[in-house]
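Residue numbers (this note's numbering): 439 to 729. Step one of this worksheet: look at the structure below.
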């Protein structure tokens, strides 16, 4: 067992209870159609590789949306090719990174082909079924069979699927020996646990540390990532905030104050724009005399 100390568990509670709600507030399910689920996966998860172009995900979502009707009816090679053609055209055929692209049709590992072979139309419904029934490893293996989808992305998607189900009041079953499959370990999560534990840890050790020191390990994982990427934003501030739990709480409070003020200013701008539009709509037209 890798239980560290009450201090480690205090950190886990902070990320779970005080930070993860901000991530969960952003997490909303897509529509029920297979194409909407595929867009949800492509736009939010499939291209989360270090160094990937930020254009990949929206271009993939566009390509899928452009072929949504056909995709909902069939995951055929013809549909697979049309989606790829639209993706390639959207990026003007440049820097497509085919070896890691889940839409590349060659080799039988594309998202479209793997769904067709498995006779699954909806990637989200399939993952939800596995999480509900306690067969997360089955979904995990399916996801990593898709080109470009490694363990981190598979865990990232399944973690959020599990939390979406709980958010909707649906019970889930988890094999504790495979719970690490719900722990995406990126550089932020790894650095955070190393700072808390006081020593370097491999990815599986990082996952185990979170699981064994928290009541809600998936939410802790979410909270760590959100706090690091959104609240701290930089490695310097991240290391400074992880110096003590009080420093981290102060930084979170500062972040909340700034976001609240930002939202208030945004609302005021929107109200002024709406008022200006109303005034323009009711303003009488100038007569020829006024001109």
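Idealized CB from N, CA, C, for every residue including glycine.
Chain C contact for residue 544 (CB, 9 Å cutoff):
Structure shown: chain C not included; a single protein chain is present.
Alpha-carbon to alpha-carbon, residue 564 and residue 558:
7 Å
Return the chain-ordered list of same chain residues with a C-beta closer than 8 Å to the C-beta of residue 404, the five sequence neighbours on each side being excluded.
Residue numbering for the chain in the displayed model covers 439 to 729; residue 404 lies beyond these limits and cannot be assessed.
Simplified DSSP assignment, three categories, for residue 640:
coil
With a threshold of 7 Å on Cβ separation, who are the neighbours of residue 536 within its own chain once the five nearest residues in sequence on each side are excluded?
542
Separation of residue 684 from residue 676, as counted between CA atoms
13 Å
When DSSP labels each residue in this structure, what does residue 729 get in the three-state scheme?
Confidence in residue 729 is poor, its pLDDT being 48 and thus under 50, which makes the residue's placement unreliable; the coordinate value appears in the next sentence. Residue 729 falls in the coil class under three-state DSSP.
Tell me the rounded alpha-carbon separation between residue 628 and residue 717.
54 Å
How long is the line joining the alpha carbons of residue 596 and residue 578, rounded to whole angstroms?
8 Å
Any idea if residue 608 is buried or exposed, counting beta-carbon neighbours within 10 angstroms, 16 or more meaning buried?
exposed
Can you list the beta strand (DSSP E) stretches of 3 or more residues lying completely in the segment 476-543, in chain order?
none
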